[in-house]
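Residue numbers (the working numbering): 153 to 548. Yeah, the Cβ is synthetic: ideal placement off N, Cα and C, and Gly gets one too. All of these numbers come straight from a predicted model, not from anything done at the bench.
1. For a test of the three-state rule: what should DSSP assign to residue 472, helix, strand or coil?
2. Which ranges does the alpha helix (DSSP H) cover as unbroken runs of at least 4 residues, wholly within the segment 261-324, from first to last along the chain?
3. Take the Cβ of residue 478 as the centre, count every other Cβ of all protein chains shown within 10 Å, and call the residue buried at 16 or more, exposed below.
4. Going by Cα to Cα distance, which pick from 344, 378, 351, 439 is closest to residue 388?
5. Compare the beta carbon distance of residue 356 and residue 409 with 8 angstroms and say whether it is the shorter of the two.
6. To which residues of the same chain is residue 257 closer than 7 angstroms at the C-beta, ignoring the five residues directly before and after it?
7. Give the single residue among 475, 459, 191 whose Cα lies nearest to the Cα of residue 394.
8. Tell me which residues share the same chain as residue 380 and place their Cβ nearer than 8 angstroms to its Cβ, disregarding the 5 neighbours each side in the sequence.
9. Buried or exposed for residue 297, please, with buried defined as at least 16 other CB atoms from any protein chain shown within 10 angstroms of its CB.
10. Taking the beta strand (DSSP E) that residue 379 falls in, what are its first and last residues?
11. Helix, strand or coil for residue 336? Go by DSSP, reduced to three states.
12. Could you give the distance in angstroms between the alpha-carbon of residue 500 and the alpha-carbon of residue 474?
13. Using a Cβ-Cβ cutoff of less than 7 angstroms, which residues in the same chain neighbour residue 425 once the five nearest sequence positions on both sides are dropped?
14. Using the C-alpha atoms, what's the distance from residue 429 back to residue 497?
15. Can you tell me whether residue 226 sits near the ligand ATP, meaning its C-beta is under 7 angstroms from at least one heavy atom of the ligand?
16. Over the uninterrupted alpha helix (DSSP H) stretch that includes residue 541, give me the two end residues.
17. Taking the alpha carbon of residue 277 as the point to measure from, which residue in 437, 401, 345 has its own alpha carbon closest?
18. Can you list, in chain order, the stretches of the beta strand (DSSP E) that have 3 or more residues and sit fully within the segment 485-519?
19. Can you tell me the Cα-Cα spacing of residue 165 and residue 177, whole angstroms?
20. At the level of alpha carbons, what is the spacing between residue 247 and residue 436?
21. Would you mind reading off the limits of the beta strand (DSSP E) that contains residue 235?
22. If residue 523 and residue 466 are in contact, beta carbons under 8 angstroms, what's the gap, nearest whole angstrom?
23. For residue 115 and residue 293, what's the separation of their Cα atoms in angstroms?
24. Can you give me the Cβ contacts of residue 470 inside the same chain, cut-off strictly under 6 angstroms, excluding the 5 residues immediately before and after it?
25. On a CA-only basis, which of 286, 237, 359 is nearest residue 274? Give me that one, please.
26. Look up residue 185 in the DSSP assignment and say whether it is helix, strand or coil.
27. DSSP three-state call for residue 533: helix, strand or coil?
28. Please report the straight-line C-alpha distance between residue 404 and residue 506, rounded to a whole angstrom.
29. To the nearest angstrom, report how far apart residue 384 and residue 271 are at their CA atoms.
30. Using CA atoms only, rank isn't needed, just tell me which of 343, 342, 299 is closest to residue 328.
31. When DSSP builds the beta bridges, which residues end up paired with residue 389?
32. Using the Cα positions of residue 312 and residue 347, report the straight-line distance between them to the nearest angstrom.
33. Do you know how far the Cα of residue 303 is from the Cα of residue 334?
34. Whole angstroms is fine: what's the gap from residue 495's alpha carbon to residue 528's?
35. Going along the chain, which residues of its own chain have a beta-carbon closer than 6 angstroms to the beta-carbon of residue 336, five neighbours each way excluded?
Structure follows, in structure tokens:
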């Protein structure tokens, strides 16, 4: 029976305490609308907060005293080293050739004969087609008879003149008649020669455009297209800022995406004229085409070597920061001990050209210096750090 009384008493005490806590809760104090009660509760909470902060501070000091390593920032580093740096200018151009021509006639008339077909190889000067001369051949024949007569007359007068026989005026008239007849024949022969369409260079007939029997106009009617794939090149427009670096003989890597082909070649010509409209100049890059698979108007991607440094120091652009004065800097690690603990130092640098995600450092950074990589954005000058790749290198 006593035990039962004890249990009941304990239960009543617990309920009483719980009720007291519930009565003193923030919610109940706020509901009381009693200013004195609310101020009292706030004071109690402030005192509790200060006591907790003091305890946390003591714990932090103890951790700092015991753990001398793990509280420092963890970083990774890499070592600056000199290497060859070849900067390239990336451009895009089209493949072309000077030996690509749509042939037009030099004479008006009917296209009487076409002697070639598509895909046929031809030599320079070979007869490709013939245009009706409109009776010029008959005129030449008649003029030639007159020219032969004038020649005979002139030769006889010359023999007499050489013997001091006859008048000078007769000799000069015969000579003039002969020369004018010769000139007339020559002019007609030149006109007739224009009726013959010949290959301007050796190559392949790519397309026969006008069929035999069509009426053609001089300089207007396209007859056929001829192409030679031996002397291919790429013409590209280069910004004027590269005029001193993109010059004849510079190395170029040509990539033709459609063919999946990469060619190492060079610039064969760089123009001296700057286009005022877009501030560029033209450059020609020769393209060897032994397999004849490179065609005119294919798109090509170019990488032109415009700058080379045999002893450059290259670093990732991501590790570089900039201060309020516009100066660029990196963090380096100094005084590192055997456990990998060192001190961070800010180092002002000067940079040069970029290539991809790396940049060339021109001043203040020496070979062998250890540079902060991961964690470069979170460290401060003079701060202690732990280099976590130090142990990995030693263990490797």
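Answer, in terms of the structure:
1. coil
2. 288-314
3. exposed
4. 439
5. no
6. 283, 349, 368, 370, 373, 375
7. 459
8. 249, 251, 252, 353, 354, 355, 356
9. exposed
10. 376-379
11. helix
12. 9 angstroms
13. 433
14. 49 angstroms
15. This structure lacks the ligand ATP, and indeed carries no ligand of any kind.
16. 540-547
17. 345
18. 493-507, 510-515
19. The predicted model places residue 165 with a pLDDT of 44, which falls under 50 and marks its position as unreliable; any figure quoted below should be read in that light. Straight-line Cα distance between these residues: approximately 18 angstroms.
20. 10 angstroms
21. 234-249
22. Going by Cβ atoms, the distance from residue 523 to residue 466 rounds to 11 angstroms, so no, they are not a contact pair.
23. No statement about residue 115 is possible, as the shown extent of the chain runs from 153 to 548 and does not include it.
24. none
25. 359
26. coil
27. coil
28. 18 angstroms
29. 19 angstroms
30. 299
31. 434
32. 42 angstroms
33. 9 angstroms
34. 13 angstroms
35. 295
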